[in-house]
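Have a look at the structure below before the remarks.
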Ligand SMILES: C[S@@+](CC[C@H](N)C(=O)[O-])C[C@H]1O[C@@H](n2cnc3c(N)ncnc32)[C@H](O)[C@@H]1O
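Numbering (the numbering used here), first residue to last: 4 to 471.
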C-alpha cells in the first residue's frame, strides 16, 4: 500500500474524469492500491466512462471485481444490466455475485425484473436476499408479490422473516397502547417476597424496560433444590416466557449464567458439568428473544475455586482442568420489527440526553470485574456489573427487574443511576437483607412515594387489584 499514501482523494477525483489517465494508472498498480482507489471513488454520474471499471472485471482478485461492480452500479446505466447478470450468475466468488445482484437492484428499472426473479432460486441465500431487495422496489406488482410469496417456504430463516414481514405483514409488534416510557406505578421500587412464577401472574404485559438476573445455579449452591436438570430448565423456561410477556417492545433481557459442576459422590465416580448457558439459549430464541451479544465477565484467578491441584502434579493429558474464571452475560432483545431507533424515539430528547453513557466505558465484550462476597448471600452481583448493564441497556426513570433478586444488588444499582426497580425473591432471609440494605440508603430515593415498598404476595395482589 505504498502508493496509497501518495495518492489522495483529490488526485483520485481528477483521474476519475480522465479515462486515459486512469487506465494507464491502473495498469501497473498492485492490488492494494487498486482497492484503495476503488474504495475512495465516491459518486459517479451517468456519462462517466465505464471502460476502466469494465477492464477490472477480469481481474483475478475478487475484492477488485466486487468493487468494480459496486462502482459501475453507481452510474445507473441500464445498458450494464447484461454485464451484471453475467457476473451474478457466473462469478466464482459469492461476494462478487452478491454485489452484482445488488447492482441489478440499484438500477431500479422494470427491465431487471425477469433477471431478479430468476435469481430468487439461487443457492446462495445472500444472493436471494439481494434479489428480494431489488424486487421489493416493485412490490405493488402482483406477479412479483406472487413470486416473493413462494419464498415463505424457503429454508433460510432470514429470507422467511423478510418475506413474512414485507409480503404477509407478519409483525412481532406490541399489542399494548400504553406509553413506552411509562409503567404501572405500583411496581415502582417494589420488592415482593414470594415465588416469581406466582408474582408475575399479576404483572401486566409490557411493563418492564430491562431485566438483568442471575438465576439459581441448578443444585450447585445450597438454595433451590430441583429434582432433575430437566425440571430446572423447565422452571427457567417458564420464568423467562413470563419475562418476555412483561417486557416492553424491543427491550432487553440480560442473563448471567455459567456452566456449573456437581461434585462426584465418591472417587469411583466422575463429577458432572452442566452447560447451563448453552442449554438455555435455544429455549430463549424459541420463545421470542433475539440474541444480541455475549459478554464474558472475567474474575481474578485467585477469587475462584482452584481445580488445578491434581494436574499440577501429574501433568497427564485428559486430566486438564482449567480454573473457571468467567461467567456469561447473554444479551437478548424482545423480538420486534422495530429498529433500536424506534425505542430511542419513545423518549423525550431531554431524557435521551440525561441517559447518555458519558466518559469512559467498556469497549469490549470482556469485562474484568472483581466478584463481591456477602455475609448473607453466597452469590451476589458485584455492583459494578449491575451499573454497566443498567447504563448500557436502559434510560433514566426506566423500570429494571430482577426476578431472582437475592441481596437486591440490582435494586441499589438502579437507584444509584436514577432508574426504578422491581424485585422478587422467595427466601425471607434475603428479603430481610435487602430491607436492611435499602432502608440504610433511603437518601437514594427522592420522595416518600419513591421509597422501597416491601410486600408479600397477598399484599402485592391487593396493590394490583383493579389496575390490570
Ligand atoms: C444467584 S442468586 C441471585 C443473587 C443476586 N443477583 C444478588 O445480587 O444477590 C438467585 C436467587 O434466586 C432466588 N430464587 C430461587 N428460586 C426463586 C423463585 N422461584 N422465585 C423467586 N426467587 C427465587 C434464590 O433464593 C436466590 O436468592
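C-beta atoms are modelled at their ideal positions from N, C-alpha and C, and glycine is treated no differently.
None of the values given here were measured: they were computed from a predicted structure.
Cβ pair residue i, residue j closer than 7 Å
i	j	result
residue 193	residue 256	no
residue 110	residue 131	no
residue 278	residue 262	yes
residue 383	residue 410	yes
residue 150	residue 120	yes
residue 195	residue 458	yes
residue 209	residue 251	yes
residue 393	residue 418	no
residue 388	residue 403	no
residue 72	residue 98	no
residue 68	residue 57	no
residue 199	residue 242	yes
residue 254	residue 337	yes
residue 137	residue 108	yes
Residue i Cβ short of 6 Å to ligand 1 heavy atom set
i	result
residue 219	yes
residue 231	no
residue 407	yes
residue 429	yes
residue 433	yes
residue 380	yes
residue 501	Residue 501 lies beyond the range of the chain shown here (4 to 471); nothing can be said about it.
residue 383	yes
residue 199	yes
Length of the line joining the Cα atoms of residue i and residue j
i	j	result
residue 313	residue 334	36 Å
residue 461	residue 426	15 Å
residue 364	residue 420	15 Å
residue 248	residue 353	29 Å
residue 206	residue 231	29 Å
residue 322	residue 381	29 Å
residue 452	residue 347	27 Å
residue 77	residue 45	9 Å
residue 31	residue 75	21 Å
residue 167	residue 175	11 Å
residue 465	residue 430	21 Å
residue 203	residue 245	7 Å
residue 408	residue 90	58 Å
residue 219	residue 126	45 Å
residue 106	residue 88	9 Å
residue 95	residue 339	36 Å
residue 397	residue 463	25 Å
residue 356	residue 62	50 Å
residue 311	residue 236	30 Å
residue 84	residue 50	16 Å
residue 468	residue 135	50 Å
residue 395	residue 271	48 Å
residue 293	residue 10	45 Å
residue 291	residue 113	38 Å
residue 12	residue 40	8 Å
residue 36	residue 140	35 Å
Residues sharing a beta bridge with residue i, DSSP
i	result
residue 329	301
residue 194	426, 457
residue 258	216, 333
residue 264	276
residue 403	213, 424
residue 314	Answer by DSSP bridge pairing: none, since residue 314 is not bridged.
residue 369	299
residue 345	Paired residues: none, contrary to the question.
residue 250	211
residue 293	336
Contact set for residue i: own chain, Cβ-Cβ below 6 Å, skip 5 residues either direction
i	result
residue 217	259
residue 34	64
residue 428	408, 434
residue 276	262, 264
residue 328	301, 302, 304, 307
residue 341	253
Neighbourhood of residue i by C-beta, 8 Å cutoff - its chain only, sequence neighbours within 5 removed
i	result
residue 454	192, 445, 448
residue 369	298, 299, 301
residue 66	34, 38, 98
Own chain partners of residue i with C-beta closer than 7 Å, once the 5 adjacent residues on each side are dropped
i	result
residue 267	273, 274
residue 22	52, 54, 55
residue 438	457
residue 47	74, 77, 78
residue 240	286
residue 490	Past the edges of the chain, shown from 4 to 471, lies residue 490, and the structure says nothing about it.
residue 222	228, 229, 265
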